[in-house]
Structure formats: structure tokens, C-alpha cells
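Below is one structure; the comments refer to it alone.
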Amino acid sequence: MKNAALLPAVLAVASFSLISCGGSSAPPLRARVLASQSVSSPTAAPGLVLINGENDTLVRGGISAGISPGLMTLTPDRTTVLAFDSVTNSVEVVNVARAALAGSIQLAGPTTSMVALASGSGYAAVPTAPMIGSSPGAVQVLNLSVGGITAVIGVPNAQTVVSSPDGTHLLVFSNDSNAVTVVYPLLVNTGNPVTATVPGFNRPVYGVFSADGSTAYILNCGPECAGGTGTASVQVLDMATLALVGAPVAVDGATIGWLSGSTLYVAGTSTTNNLCTGQTTAALTCGRLDIVDLGSMTVTSSAIITDGYHDRIDMSVNGQLFIGAITCTDVGNVANPQGEVRGCLSIYNTTNAAVVIPPDNGDVTGLQSFTTRDVVYVAEGGNLRVYDTLTDSLLVESTNNITETGTIIITGYVIDVKAIDFF
């Protein structure tokens with residue numbers, strides 16, 4: 039193992055201005071949801087749209103969050119939301135209690151992955167971050183209390199960062215690499231080495247932690263990702279020793295996963311086993327969802343889902359697994375309802391193994407389930423859909439802000455969606 043470079047960074051407090059007045063007060067709601075939309079229009083500016091998650095209606099106001107807010111993440115206690123502005127490469131910090139912008143932190147480049155910890159720090163993977171004396175790429179550490187970058191952890195081509203349940207370990211995945219970097223947040227700025235590099239993988243792209251954080255299930259993208267060989271697989275990483283445990287478990291594709299008890303659901307698109315056998319569709323290729331029993335470390339079954347690069351996954355309170363992809367095969371168009379319409383969303387029923395691919399076009403860029411309602415919010419093709427998980431179809435409601443097709447009408451292009459209250 040080798041330690042990646044840790045470079046000190048200047049605390050840029052000037053970029054972070056706390057707002058003590060003039061911000062909108064939090065509405066008296068128990069179930070607030072934020073949707074990021076990035077396209078301005080004559081009637082709306084880019085920002086974070088506030089939604090009443092109890093009845094799927096828009097709440098007056100909203101939060102200004104940069105020029106083009108998209109990817110969002112929350113602290114575990116849901117006190118702070120981070121929204122990435124893809125135009126300025128800045129992270130907009132939102133105070134959840136007041137539903138107001140607290141400040142902005144500038145990154146060294148674009149990010150597609152970030153986490154926010156209960157400690158008050160955020161971590162963003164920035165693959166193009168310039169590094170003196172080494173290849174570009176770093177994880178930048180954000181101070182969410184006073185603003186600024188507090189540290190820059192050198193990880194070449196850092197692409198994705200995943201946190202353990204308690205926030206004591208971060209897994210960092212890099213493009214075109216067969217290694218995983220482990221970051222120890224508690225050691226940042228202590229003068230001690232804060233990273234370790236674990237080799238022996240096959241283009242790893244994501245990791246799923248056990249509930250206690252002692253084990254990480256590393257998803258090897260294999261041939262679906264450039265330079266990968268053999269087959270996609272799942273490998274077990276002991277977080278105490280950073281040793282690989284057992285042999286890789288071969289799966290059809292592995293770019294995103296979801297752990298439920300002793301079952302690991304793994305989605306991806308195989309380069310070989312990608313036929314849509316048994317489905318009536320114009321799509322020529324399909325992805326796969328493999329079900330892995332962690333007790334025996336075997337694949338017990340597989341289901342056909344949409345193709346594309348799967349990077350969004352969430353499970354409803356009643357066991358409907360929503361799997362989202364980008365760059366999938368769009369079929370038909372919603373303007374022509376007489377023919378097949380198919381996009382990047384798949385819904386897998388964990389009770390009876392049935393798969394529903396809803397008639398909707400576009401990339402899936404956000405998913406949000408709820409613990410008190412049988413619905414899931416889906417950002418697909420720039421629209422915000424509301425799915426009834428009892429029927430796995432669009433929810434039919436009668437309100438001022440939602441149509442009979444289950445779409446919350448939001449001006450602009452919706453990219454991400456997050457519930458900011460516990461419900």
C-alpha cells in the first residue's frame with residue numbers, strides 16, 4: 039500500500055458568506071423535498087425548488103444556488119445540503135433549517151461525486167484538480183461551517199467517493215484504475231498519512247458498505263469500463279485490514295449496487311450477455327440486475343433491465359428497487375403514445391422478481407424514496423416524476439401542481455432530488 043499525497047490548502051473563508059438576514063424562512067412543513075433545476079426561463083431562475091413531499095405540491099419560494107445547480111448530497115443529520123454548480127464548479131451550501139443559502143465553496147474543477155459528513159466536512163472527487171508533481175486528480179475537503187477548502191488529498195483521476203456509515207472511511211474510485219483509495223477523514227490535517235491504496239481490482243467504480251461499516255463490497259466494472267478485462271464482479275474488502283476476502287463473484291455488470299439484509303443487488307450492462315430475450319422492445323441491448331446472496335457469495339438470480347451506465351439506485355419502503363441509468367437506448371417518444379416508449383428507468387419488485395420499464399425517455403439523474411409514503415420521486419429526462427410503488431406506475435393525483443401523468447410541473451431542467459426532512 040502507498041499513501042497518496044496530502045497537500046495543505048488555504049482556508050478561503052472569503053468565498054463563504056453566512057446569511058443572517060434576507061433569506062426566506064423555512065415553511066412550516068414536515069416533509070420538504072428539494073429539486074435542483076438548471077435552466078432559466080422568463081418565469082423562473084435556476085435554483086433549488088421546494089416541494090411539499092406529503093402532497094407533491096410546489097412550495098412558494100425556493101433557494102438560489104448558483105447558475106446551474108445539479109448534483110446534491112446531504113449530511114447524515116440532514117442539517118446541510120450541498121449542491122454542485124456545473125457552470126462555476128462551486129459547491130453551494132444550504133442551511134436546511136432556514137431553507138436558505140449559507141455560502142459557496144469553489145472547487146478546482148468539476149465533480150460528479152461528493153459526500154457530506156456529520157463532522158461538518160464535505161468531500162468532493164475532482165478528477166481534473168491540478169497537483170504539483172503528480173497526475174491531476176484529488177479529493178477536496180470542504181469546511182461546511184465557515185467555508186473554504188481545508189485540505190486537498192491527491193488521488194489521480196478521482197471520480198467517485200463513497201462514505202462508510204459512520205464516516206470514518208471513504209472509498210475513492212478513479213478512472214482507468216485497478217486500485218481503490220481509502221481515505222481516513224479523522225486523520226485529515228493531523229500530520230499523519232490519511233490514505234491507503236488497495237490494488238487487485240478490475241476497474242472498480244463503486245462500493246457498498248455493510249451496515250456496521252466493517253466490510254465493503256467493491257463493484258468491478260470490468261469490460262464495461264475502458265481497460266477492464268474478463269468479467270464484471272464483486273469483491274469483498276475487509277475494512278479493518280484492507281485485505282481482499284475470497285474470490286471475486288462474477289456478475290453480468292457492476293456499476294451500482296444496493297444492500298438489503300444479506301442480499302446485494304448489482305446492476306450493470308454486460309458487453310456480452312446483453313440481449314433483451316423475453317422482452318418486447320425495439321431496444322437491441324439490455325442491462326442486467328444480478329442478485330447476490332452474501333451468505334454463500336453466489337448469484338441466485340438475474341433480471342433484464344434497461345441498458346446504459348447505471349449509477350442511480352434506491353429502494354422504496356415496500357421493496358420496489360428503482361434503478362436509473364444514463365446513455366441508455368431511448369425508444370419512441372412521449373409525443374407518440376401509440377408506439378413503445380422506453381428510457382433509462384427500471385423498477386424491480388423484490389417480492390416477485392417482476393420488472394417494469396416505465397414509458398418515459400431520458401437519463402435518470404435523481405431518485406428519492408420515502409419511509410412514510412409508497413412513492414418514489416424520479417428525475418428523468420429533466421422532468422420530475424412521482425411513481426406509485428404499489429402499482430409501479432405514475433401516481434394519479436388531482437392538485438394544482440401535478441398532472442394526471444404524475445409529473446410535478448417545474449420550470450427548467452430537473453437534475454437531482456433530495457428529501458431534506460426525515461419522513
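In the numbering used here, the protein residues as written are 39 to 461. Backbone N, C-alpha and C fix where the C-beta goes; we use that ideal spot for every residue, glycine too.
Its chain contains Y451, V452 as the residues whose beta carbon lies nearer than 6 Å to that of G420, once the 5 sequence neighbours on both sides are disregarded; these appear in chain order. Inclusion of V272 and V304 in the CB contact set at 8 Å is warranted, their separation being smaller than that value.
In this structure, V77 is the residue among R411, V77, I89 with its C-alpha nearest to the C-alpha of D123. By the Cβ test, the region 123-135 is not in contact with the region 90-97, since fewer than three Cβ pairs between them sit closer than 8 Å. In the three-state reduction of the DSSP assignment, L225 falls in the helix class, which pools H, G and I. Take the alpha-carbon of P261 and the one of R241: they are about 8 Å apart.
Spatial neighbours of V355 in its own chain (CB-CB distance under 6 Å, excluding positions within 5 residues in sequence) are listed in chain order as T409.
Taking each of T301, V434, G238, V119 in turn and checking the Cα distance to S334, the smallest one comes out for T301.
When DSSP reads this structure, V355 sits in no beta bridge, so it has no partner. The three-state secondary structure of E378, taken from DSSP, is coil. Only exposed fits N371, as fewer than 16 other CB atoms lie within 10 angstroms of its CB. Nearest to S151 by C-alpha distance, out of Y244, D290, A83, G238, is Y244.
Sorting G266, D398, T449 by C-alpha distance to the C-alpha of G238 places G266 at the top. For T111, the enclosing beta strand (DSSP E) starts and ends at 107-112. If the five residues before and after L422 are omitted, its C-beta is found closer than 7 Å to the C-beta atoms of A73, Y415, T445, I446, I448, V452, V455, all from its own chain and listed in chain order.
Exclusion of the five residues before and after G316 leaves no residue of its chain whose Cβ lies closer than 6 Å to its Cβ. Within the same chain, V369, E378, R380 come within 7 Å of T319 by CB-CB distance, once the 5 residues on both sides are set aside.
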